[in-house]
Structure formats: C-alpha cells, structure tokens
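Notes follow once the structure below has been shown.
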Amino acid sequence: MGRRLWGTALVLLLVGGARAEDQLHVEIHGSGGRGYQIAVQRFIVSEGAEEFVEPFYRELANALEFSSVFKVVDPEAFLEPQKTQDFGAPIIPCDNWHAIGADALVEGRLERVRGRLRARFRIWDVLRCRQQGQREYLEDVPEALSLLARRLADEIVERFSGRRGASATQIAFVSDVSGNKEIYVMEADGSNRRRVTDNGSVNLFPSWSPDGSQLVYTSLRGGGFDVWTLNRGQGQSKRLLREPHQKYRGVWAPQDGRIALTMHRDENTDLFTVRKSGRGLRRLTTARSIENAPSWAPDGRRIAFVSDRTGSPQIYIKQLKSGEERRLTYRGSYNASPAWSPNGDWIAFAAQTGSNFDIYLIEPESGYTTPLVVHPRSDEGPAWSPDGRKVVFSSSRRGRKELYQIDLDGRNLRRVTGDFGNCSNPAWSPWID
Amino acid sequence: MFKRILGVSLLAVALACASGGGSGSSMGSGSERAKPRSDPGLGDRGSRSGGVEISSKKFRSVYFDFNRSALQRRAKQDLNHNAQVLRERTNSRVEIQGNCDERGTEEYNLALGMRRADTAKRYLVDLGISPSRIDTISFGEENPSVRGHSESAWAKNRRDDFVIR
C-alpha cells in the first residue's frame, strides 16, 4: 500500500513541472527515503550582514529538510570549504561534492543593501555538474530573514522536484489555551504562533481564501454559530450572511470567491454556496438527512461532503453542474472530515473505530483506501499542505489535542504544537507571495 | 449490544442524579444562562468551569443515546413535564439547546445537536405548545455539562437543555 502511494507521488513529481527535462529524477524507494542529498554552503557575506549568516544557514537547512525532498548533508563531511569562496564562478568542483554524497549544492551571497537584506544564490545539480538555477531575493527588514530562507528553500525544492516546497506557508488552527477556543495562525513548522481572534466565545473551522489574505471561520459570538470572514490585514471580522439560521464551516473554493458552508434551515442541515460578498446563496443539497463538512475538489467543480442519509455519517461527492451525488465510503460506520488533496488524487478523511478516529486516504474515483495515521488514540481533522506532500491533523495521543504533520507515505510524523492547550481544526494556507 | 445496555443503564443513573438533585443542581446558574443569545459565548458560562447545570427554572434536561436523536421513554416523560411548565407560564419562551458528547467530529455534532433540539421541539409542538414560543440552538460538543472521557460523562452530555428566554 505504501508502495502504491509512492508510485502516485513519484509520477506527480515527474510530470508536475514545466521544466521537467531539466530536473533530476527523484528516486524514492518503497521504503520511503528522501530524494536528494543537498549540501548547503555558508553564504558569502558583505559588510553588515555577518550576523545573519549562521541563522540564515540554519533556517535554510531546516526548511530544506522540512520539504522531505532533501536531506541536508552533514557539513562536517565537506571536502570543500564550508563557506562559499568565489560566488559567481562558472564551475564548481563537482567531483568533490559528489564524493561526500551530495546530489545538489547551494551557494550564495548575503548582503545588506541600504537597510534591506539581499540574498543571491545558485543551485547546482552536482551529478551533471550543471547549474540548476539562480535567483535573487530582497527583503525589507532583517526580521524577514527566516521567511527569506524558507522561500529560497521552497524554490530549491521546486527546481529539483518540479513542485514548490511549502515551508514558507502558514497554518491556521483552533486553540483553547486562553480558556476558550480562539483562532491562531503559525508558520508551517509550528513556530511563531499568534492569535487572530479574541472574542471570548467559541471559534472553529478556519479556512483560507485562495490568496491567503482572508480567513473564514465559525464563531458563537453574538449567539448561535455563524460564519464570519476576517481580512487579515485589517483584523475586523464580519458576518458572511444575514440569515438568522445556524451556519458553520465555511470553506473557500480553491479558484474563486465562492464559499461552501453548512446551514440549518427548516429543521434540515444542508450544504450551500455563496459568494464572498454574501450574495448568490445557492442550496446544494436537499435530503432530509444531515449534509455538512464540505471540501472542494481542486477544480472547483465537485465537493466532497458528509451525509448520514443511510443512517450513519459517510462521505459523498457531488458534481456541482449535474447535481449528481455519489457515495464514496462504505467501510465502517462513521466516516467524516473529508479533505481533498491539492492535486485531486486523494481525499483524506477521519474514520471512527470505537470512540477514536484514524486518518485514511481514499481515491475519489476508484475508492481505493489506504491508512495514513492509525493509533490507539484519536487522530482527527486532516488538512493538506498546498504542495500535497503533507497532512496536518490533531491527535490526542499525548492526552490533550495537539497538531501533528505526516508525509503522504506515512513517514516523518512530527508534532507541531505542544503546551498550547487543546489544538484542533488545522487549515494549511495556500502559498502566500 | 453490551455497550448499548451499559449506555442505557448509565443513562438511567445519570437521569436519577439529574432528577434527584434536579432543583439543587440548577443552583441559580440557570438564571445566568437565561440569555444565551446575548452572551459572547460559552466561555463565560460554564464550559470553562467544568460544566454547569443547565436547564433553567423547573425544566428538565432530556438525554439521548449515542449518535441518536430519537426520544426514549424517559426523555418523553421529561418533555411531558417541560410541556406542563410551559403551559403554566404562558408568557415565557424557551430555548432548546442541543448538545453532544465529545465523540464524533465537531461539525457532525453541531448538526446532531440541532437535530436533538428539533426533535424535542416537534414533540412539544405535538403536545400543543406553540412553535412560536420555542427557539432551537445547537452547541455541538462545545458545552459539556460534565468534563471527562467516560461513558458516564458522555451520557450526561448527550442532552437538550431548556432555558427560559
């Protein structure tokens, strides 16, 4: 099963990029090894930027490893100087790099230009001894050092794999660390947590707009659950709709300004879509059963959702144009929280056994199902990284609910929150430029 | 099947506690909870303090089986009682608050709590209470009356509360 997953992931890597010919072939073994060994040299610095070299190196190395595409070669093994000697030279001693197991090399220069930080770098395919790309970044403030390093890492990942990395993205989630459930945002690696709602009520289900500038979330503020939108620049929330009915879990469509949500009306819970302006409310489902938990397909033409029309919660897919609804899950008596992967190949969902959930992946066409996270304690609420390489979810394996990430092949399980109350409802941001 | 029986027997214990100490366990918190829609949220009214009771004045909370919204015999008796309270207080409106235990997903439990509130409302309307006097709301799993991860805690949390508005 693991092999099957990797087969799919590998194909995507190879066909994913426009510059596929220039890319190395990633050799990912069935056992799930990392694709590349990469050597990162300490960047050359100009005067005034010395203090940034080490933190920049660490951030870059961490972000490259975060991708799961690269393994950073131990600098101690270097035959060459650890520091870039002559940035801009037409060739590098590839044999020496190859000898220590490096498939790729990053070298660069870091300088201060009128208060801004400039990073220039080149990446090398050591095997073919060919420059794989170069780029220059300019950031306004040195505080953006970490972001700069992560953006650089994500681009390096793209040059070698065809798919951009996701280290420079964010995760919105719910935590009750303040005493009630508020929405927070943190970096993809779990650092820099900050609160985005502060209303003392119950806040749930954050979802990002396609450009990352807005969040839609559910709040009990004002009495009764309702869907609110929040412009991240302004910090002012407003209700999406005026209808006095209970509404929750607004989910932004990947391409446009539509939002799918659940509304309870006339003693019936159904799915609706509405434009982000709050206009154009359209009812999607009409069954007398519960229909909720929408997740958009990346093409915006289908929605996965949960219905208990057969007596237990199961996952269905609706074609928006034809209106056709098709049942997807048949195994088990409680399948919920569908999350469609960014490339459309998988739907992650939570399946209940006893009183605990495990996380599975299912192919929306074939129905082929494979476990992703199975543990005696509960694992819930899966959400995908924008590059589709990782799933973030909440787990109660250490008692309180905490957020974890895992690679699509089931490797690199990593806890991203700790000592922060109960954390749940993770939503991974799109790439934010 | 065993679980089902266990659940029912625990439910009976829970109900015995709830009705035995019914007026005592309301302990004035009912009045604090009497204006839920103007409240900022649940944080201020008990979920933080580890659970509160709940149905205000002379109302009784109504309990449900796991993942169900059907009314059991005991639930109907309690609803009959609540209907009588409403008949005696012709000017009052009631808000039925549907709740779930912590199992299940948060979003499904929001819908299930609403279904539980709707079920009780329909029953009261069938008993002659005007639907215009009844509001419904769901708190899903966000307002447990009892903290804990045991069947006995869950049984007390799968409930409708009745609050005078």
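Residue numbers (this note's numbering), protein chains in the order written: chain U, 1078 to 1510; chain D, 1197 to 1361.
For each residue, glycine too, the CB sits at the ideal point set by N, CA and C.
Any chain U beta carbon closer than 8 Å to residue i
i, result
"D1314 (chain D)", "yes"
"A1307 (chain D)", "yes"
"R1192 (chain D)", "Outside the displayed range of chain D (1197 to 1361) lies residue 1192 (chain D), so it cannot be described from this structure."
"R1311 (chain D)", "yes"
"I1292 (chain D)", "no"
"F1358 (chain D)", "no"
"I1333 (chain D)", "yes"
Proximity below 8 Å, CB of residue i to CB of residue j
i, j, result
"I1380 (chain U)", "P1371 (chain U)", "yes"
"G1294 (chain D)", "A1266 (chain D)", "no"
"A1176 (chain U)", "V1150 (chain U)", "no"
"L1361 (chain U)", "D1343 (chain U)", "no"
"P1419 (chain U)", "G1377 (chain U)", "no"
"S1279 (chain U)", "S1255 (chain U)", "In the sequence as displayed, the identity of residue 1279 (chain U) is Val instead of Ser. In this structure, S1255 (chain U) does not lie closer than 8 Å to V1279 (chain U) by Cβ."
"R1352 (chain U)", "R1335 (chain U)", "yes"
"R1199 (chain U)", "E1184 (chain U)", "yes"
"P1463 (chain U)", "A1243 (chain U)", "yes"
"I1483 (chain U)", "V1450 (chain U)", "yes"
"A1126 (chain U)", "R1189 (chain U)", "yes"
"H1277 (chain D)", "R1256 (chain D)", "yes"
"L1338 (chain U)", "V1304 (chain U)", "yes"
"P1459 (chain U)", "P1287 (chain U)", "no"
"N1308 (chain U)", "Q1291 (chain U)", "yes"
Cross-chain neighbours of residue i in chain D, by beta carbon under 9 Å
i, result
"I1281 (chain U)", "Going by the sequence as given, residue 1281 (chain U) is Leu instead of Ile. Near L1281 (chain U) (Cβ distances below 9 Å), the residues of chain D are E1302, E1303, L1306, G1336, E1338."
"A1427 (chain U)", "T1301"
"E1457 (chain U)", "T1301, E1302"
Exposed unless 16 or more other CB atoms sit within 10 angstroms - verdict on residue i
i, result
"P1327 (chain D)", "exposed"
"G1476 (chain U)", "exposed"
"E1337 (chain D)", "buried"
"K1315 (chain U)", "exposed"
"F1132 (chain U)", "Here the sequence assigns Pro to residue 1132 (chain U), which means Phe is not the residue at that position. The residue is exposed, with fewer than 16 neighbouring Cβ atoms inside 10 Å."
"T1246 (chain U)", "buried"
"H1341 (chain U)", "buried"
"E1136 (chain U)", "buried"
"L1215 (chain U)", "exposed"
"I1394 (chain U)", "buried"
"I1424 (chain U)", "buried"
"S1346 (chain D)", "exposed"
"R1240 (chain U)", "buried"
"G1400 (chain U)", "exposed"
"Q1521 (chain U)", "Here chain U covers residues 1078 to 1510 and nothing more, so residue 1521 (chain U) does not appear."
"A1166 (chain U)", "exposed"
Beta-carbon neighbours of residue i, restricted to chain U and to distances below 8 Å
i, result
"R1354 (chain D)", "What R1354 (chain D) touches in chain U: nothing, since even the nearest Cβ is about 13 Å away."
"R1264 (chain D)", "Those within 8 Å of R1264 (chain D) in chain U number zero; the least Cβ separation is about 10 Å."
"I1330 (chain D)", "What I1330 (chain D) touches in chain U: nothing, since even the nearest Cβ is about 12 Å away."
Under 9 Å by beta carbon: chain U residues contacting residue i
i, result
"R1343 (chain D)", "The premise fails here: R1343 (chain D) is roughly 12 Å from chain U at the closest Cβ pair, so nothing lies under 9 Å."
Proximal chain D residues relative to residue i, where beta-carbon distance stays under 8 Å
i, result
"N1369 (chain U)", "E1303, Y1304, L1306, A1307"
"V1468 (chain U)", "Ordered by position in chain D, no residue passes the 8 Å Cβ test against V1468 (chain U), which lies about 16 Å from the chain."
"E1479 (chain U)", "Ordered by position in chain D, no residue passes the 8 Å Cβ test against E1479 (chain U), which lies about 16 Å from the chain."
"H1341 (chain U)", "A1307, M1310, S1334"
"T1350 (chain U)", "Chain D residues near T1350 (chain U): none, gap ~17 Å exceeds 8 Å."
Any C-beta of chain D under 8 Å from that of residue i
i, result
"A1504 (chain U)", "no"
"F1302 (chain U)", "yes"
"P1287 (chain U)", "no"
"E1320 (chain U)", "no"
"Q1323 (chain U)", "yes"
"V1383 (chain U)", "yes"
"P1167 (chain U)", "no"
"R1475 (chain U)", "no"
"T1346 (chain U)", "yes"
"P1453 (chain U)", "no"
"P1390 (chain U)", "yes"
Amino acids of chain D, ordered along the chain, whose beta-carbon sits closer than 7 Å to that of residue i
i, result
"Y1134 (chain U)", "Ordered by position in chain D, no residue passes the 7 Å Cβ test against Y1134 (chain U), which lies about 42 Å from the chain."
"S1432 (chain U)", "R1299"
"S1414 (chain U)", "T1301"
"R1326 (chain U)", "E1303"
8 Å contact criterion, which residue i and residue j should meet: CB distance rounded
i, j, result
"Y1113 (chain U)", "F1250 (chain U)", "That belief does not hold up - the Cβ atoms of Y1113 (chain U) and F1250 (chain U) are roughly 31 Å apart, past 8 Å."
"V1258 (chain D)", "R1355 (chain D)", "6 Å"
"E1310 (chain D)", "T1332 (chain D)", "Residue 1310 (chain D) is actually Met in this sequence, not Glu. With a Cβ gap of about 7 Å, M1310 (chain D) and T1332 (chain D) count as contacting."
"V1359 (chain D)", "S1252 (chain D)", "5 Å"
"A1307 (chain D)", "I1233 (chain U)", "With a Cβ gap of about 45 Å, A1307 (chain D) and I1233 (chain U) do not count as contacting."
"M1375 (chain U)", "W1417 (chain U)", "It should be pointed out that residue 1375 (chain U) corresponds to Pro in this sequence rather than to Met. Between W1417 (chain U) and P1375 (chain U) the Cβ distance is about 7 Å, and since that is below 8 Å, they are a contact."
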